[in-house]
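Peer 1: Per the working numbering, the very first residue in the sequence shown carries number 11; after that it's consecutive.
Think of the CB as a built atom: it goes at the ideal place given N, C-alpha and C, for glycine as much as any other residue.
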Amino acid sequence: MDKLQQLTVFRRVVETGNITRAARDLGLSQPSVSRHVAELEHRLGVPLLLRSSHGLAPTEAGNSFYAETVRILDALDEAESAVRNGVQALAGTIRVSCSAAFFTRVVMRWIPGFLAANPEVTLEARLDDRQIDLVEEGVDVAIRIGPIRQQSLIARRIGRVDFGLFAAPSYAERHPLPETPEQLADHEICILVAGPQPDTLLLEGPDGRSVSVPVHGRFRASSIDATQIAVQDGLGIGLLSRWRVGEQVATGSLIRVLPDWRAEPRDVNLVWPGSRVLPRRVRAFVDLLVERAAAEPRLQ
11 MDKLQQLTVF RRVVETGNIT RAARDLGLSQ PSVSRHVAEL EHRLGVPLLL RSSHGLAPTE
71 AGNSFYAETV RILDALDEAE SAVRNGVQAL AGTIRVSCSA AFFTRVVMRW IPGFLAANPE
131 VTLEARLDDR QIDLVEEGVD VAIRIGPIRQ QSLIARRIGR VDFGLFAAPS YAERHPLPET
191 PEQLADHEIC ILVAGPQPDT LLLEGPDGRS VSVPVHGRFR ASSIDATQIA VQDGLGIGLL
251 SRWRVGEQVA TGSLIRVLPD WRAEPRDVNL VWPGSRVLPR RVRAFVDLLV ERAAAEPRLQ
């Protein structure tokens, strides 16, 4: 009986929620994966997985055992690396989820130094605007902007993003820019339709006063990247985050509109499953992100 193999199989089944995917990832047959899980449950005397038409999910006992399984397997990886290198080196793969734009424009500059300092570590960046299921996707930590609604996640705030109104000089040449929030109703707004109230802008002034302004525009998109391009191309005024447009503002390709007014800022959080014990390599990566974010002006 290979207990280590059983643990490895069980971990991958939990993280994929699917026997077929786990078998493919591990290079095993589906019957072999099923047998390993069944033997493990028989040896422990408790069911570890719930089987339904939607796939597999851990039971309460399975969640507890999964957390211990991850800790044991990650500790083994790090111990092997320490023996090979003669030091307590970090080793293994870190899987991080983040929006593509935020990762490439903010986080990416922090990565080369971390990988250079930890040659046994591999970083796998899964860049997607979706809020994925971290356990199902096998992700160690995610970087998310905005409220965290999943109670099963542990969140650590590392900063915030501010939002302001911006326009291209070409738009300003054709349309005198507004001097009050109410005048936005007379302008073309590049609207992000992914929000809860896309046709309304809620802005806060320097005195703390908030105003709600109905807006309209002939360009609407579900992608913030497309919205930013539309603003840069002069199609209208857009609400954009400061970290996105710092370079464009510095070069003059974008102009701040109503600079004393802004939308409600959003927190930037690191999140990971509460059922999972973070291995050393992931803790080290989390610490790096916390440290670098604290020194990043665009996140203050």
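1) Using C-beta distances below 7 Å, list every residue in its chain close to Val267, excluding the 5 sequence neighbours before and after it, in chain order.
2) Identify which residue in Pro224, Ala303, Arg170 and Phe295 has its Cα closest to the Cα of Glu134.
3) Roughly how many whole angstroms lie between the Cα atoms of Ala285 and Glu306?
4) Determine the extent of the beta strand (DSSP E) in which Glu134 is found, giving its start and end residues.
5) With a Cβ-Cβ cutoff of 8 Å, do Ile158 and Val292 count as a contact?
6) Considering only the beta carbon of each residue, do Pro289 and Gly102 sit closer than 8 Å?
7) Looking at the unbroken alpha helix (DSSP H) that takes in Trp282, where does it start and where does it end?
8) Bridge partners of Ala226, per DSSP?
9) Please classify Arg252: is it buried, with 16 or more other beta-carbons within 10 angstroms of its beta-carbon, or exposed?
10) Should Ala32 go down as buried or exposed, given a rule of 16 or more other Cβ atoms within 10 Å for buried?
11) Answer with buried or exposed for Gly205, where buried requires no fewer than 16 other C-beta atoms within 10 angstroms of its C-beta.
12) Just mark Asp150 as buried or exposed, buried being the case when its beta carbon has 16 or more other beta carbons within 10 Å.
13) Could you check whether Ser220 and Glu214 sit closer than 8 Å to each other, using their CB atoms as the reference points?
14) For Gln310, count neighbouring Cβ atoms within 10 angstroms of its own Cβ and tell me buried if that reaches 16, exposed if not.
15) Can you say whether His64 is buried or exposed, counting buried as having 16 or more other CB atoms within 10 angstroms of its CB?
16) Among Asn128, Ala89, Pro41 and Leu59, which residue has its Cα nearest to the Cα of Phe20?
17) Starting from Leu250, trace the beta strand (DSSP E) in both directions and tell me its first and last residue.
18) State buried or exposed for Asp224, treating a residue as buried only when at least 16 other CB atoms are found within 10 Å of its CB.
Peer 2: In short:
1) Leu175, Phe176, Ala177, Leu187, Pro188 and Ile247
2) Phe295
3) Note that residue 285 corresponds to Ser in the displayed sequence, not to Ala. Using only the alpha carbons, I get a separation of about 30 Å.
4) Val131 to Leu137
5) no
6) yes
7) From DSSP, Trp282 is part of no alpha helix (DSSP H) but of the beta strand (DSSP E) over Ala273 to Pro283.
8) It is His, not Ala, that sits at residue 226 in the sequence shown. For His226, which the question treats as bridged, DSSP gives the partners Glu198.
9) buried
10) buried
11) exposed
12) buried
13) yes
14) exposed
15) exposed
16) Leu59
17) Gly248 to Ser251
18) Note that residue 224 corresponds to Pro in the displayed sequence, not to Asp. Exposed, by the Cβ-count rule.
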